[in-house]
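Position 144 of the sequence shown, counted from 1, bears residue number 236 in our numbering, the numbering being contiguous throughout. Glycine included, each C-beta is placed from N, C-alpha and C at the ideal position. Comments concern the structure below.
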Amino acid sequence: MQEETRRAYLERMGIPVWVRREASPGASGEPVPAAAPSRRPPEPEAAGAAPAASLRHRAATLDWTALEAAVRDCTACGLHAGRTQAVFGVGDRAADWLIVGEAPGAEEDRRGEPFVGRAGKLLDNMLAAIGLARDRVYIANILKCRPPNNRDPLPEEVVACEPWLHRQIALIRPRIVLAVGRVAAQNLLHTDRPVGRLRGTCHFLELGALRVPVVVTYHPAYLLRSPLEKRKAWQDLQRARALYREARNEA
Ligand code: URA
Ligand code: SF4
């Protein structure tokens, strides 16, 4: 990537770019950070929720339309009671890239679309940094309904919701998955290792005959709180892009 372009993307992600003294008029010799980010299941069944196994079985047969309807009406875990609406996922259903987050927040619950709040803006910029527009990828969450007060998903909620995401993945057949944050990474990969240990290497998600590389990085909401980690996220994204190119060339 050209230096100019690289710098522009780093700035959009809010990563300070250190400008050389001679390149910054009137500089005192201190490194000058670039501008801070200026942008800146089933249908309810008579007997209640279906057991996870039968839900999984059923989900695996659904096409996009039926899947979307099933998620909209899902009551497989307690979160259905508090939602404004389920947040299914958005984007290109034939995308090479699948981005997986945690769960809808307040704004997502209101609008019915994942990653539309502040963290979503940063996610868009992270994607732009590797040349991806939001509408060229697919974005989904581990949970489709908002946990109260944005608390962590409970294990039983993740288990109940997993068939929906797995079916989405099977239909999309992405070439690469970017897992953002601990909840996405740990639940996709069925591990309890922390993000700091999961990033930096490629993992694989195996669903039937499908084997998709998974790259783990920090959640944009975490990056908003810990901006110094953005450099690591930048490295993760570069690695993901390289891996994607490799996989595509091998195909
Ligand atoms: N955080 C997530 O993990 N997902 C969203 O959709 C929004 C915020
Ligand atoms: Fe169903 Fe998932 Fe919503 Fe729970 S979070 S009600 S499993 S769609």
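Reduced DSSP secondary structure (H/G/I, E/B, other) of residue i
{"i": "Y230", "result": "strand"}
{"i": "I222", "result": "coil"}
{"i": "T309", "result": "strand"}
{"i": "A152", "result": "coil"}
{"i": "P117", "result": "Only weak support is given to the placement of P117: the predicted model assigns it a pLDDT of 41, under 50, and the value that follows is read from those uncertain coordinates. Looking at P117 - three-state DSSP - the assignment turns out to be coil, as it is neither helix nor strand."}
{"i": "E298", "result": "strand"}
{"i": "A162", "result": "helix"}
{"i": "L270", "result": "strand"}
{"i": "G419", "result": "There is simply no residue 419 to check, as the chain begins at 93 and stops at 343 in what is shown."}
{"i": "R303", "result": "strand"}
Opening and closing residue of the beta strand (DSSP E) in which residue i lies
{"i": "G193", "result": "W189 to G193"}
{"i": "L281", "result": "No beta strand (DSSP E) holds L281; the alpha helix (DSSP H) holding it covers R274 to L281."}
For residue i, the first and last residue of its enclosing alpha helix (DSSP H)
{"i": "H172", "result": "No alpha helix (DSSP H) contains H172, which DSSP labels as neither H nor E."}
{"i": "C253", "result": "P247 to I264"}
{"i": "K324", "result": "K322 to E342"}
{"i": "V287", "result": "V287 to L290"}
{"i": "D244", "result": "Taken as a continuous stretch (DSSP letters only), D244 belongs to no alpha helix (DSSP H), as it is neither H nor E."}
{"i": "D201", "result": "A198 to R203"}
Beta-carbon separation (whole angstroms), residue i vs residue j, contact threshold 8 Å
{"i": "I234", "j": "N279", "result": "5 Å"}
{"i": "T308", "j": "L290", "result": "Note that residue 308 corresponds to Val in the displayed sequence, not to Thr. That belief holds up - the Cβ atoms of V308 and L290 are roughly 4 Å apart, short of 8 Å."}
{"i": "A332", "j": "L299", "result": "That pair is no contact at about 19 Å."}
{"i": "L214", "j": "L320", "result": "The Cβ separation is near 14 Å, so there is no contact."}
C-beta neighbour in chain B for residue i, strict 9 Å
{"i": "H295", "result": "The structure shown contains no chain B; it holds only a single protein chain."}
- Message: Across the segment 264–278 and the segment 178–187, are there enough close Cβ pairs to call them in contact, namely three or more that are closer than 8 Å?
- Response: Per the Cβ contact rule, the segment 264–278 is in contact with the segment 178–187 (3 or more Cβ pairs under 8 Å).
- Query: Can we say the segment 161–170 touches the segment 241–260, given the rule of at least three CB pairs closer than 8 Å?
  - Reply: With a cut-off of 8 Å, the segment 241–260 and the segment 161–170 count as touching, because enough Cβ pairs lie within range.
- Task: Kindly confirm or deny that the segment 224–239 and the segment 194–209 touch, where touching means at least three C-beta pairs closer than 8 Å.
- Result: Note that the segment 224–239 touches the segment 194–209; at least 3 beta-carbon pairs, one per stretch, sit closer than 8 Å.
- Contact between the segment 99–108 and the segment 324–332 (3+ Cβ pairs under 8 Å): Counting Cβ pairs under 8 Å, three or more are found: they touch.
- Task: Decide if the segment 285–304 is in contact with the segment 217–227; the criterion is three or more beta carbon pairs, one per stretch, under 8 Å apart.
- Result: They do not touch, by the three-pair rule.
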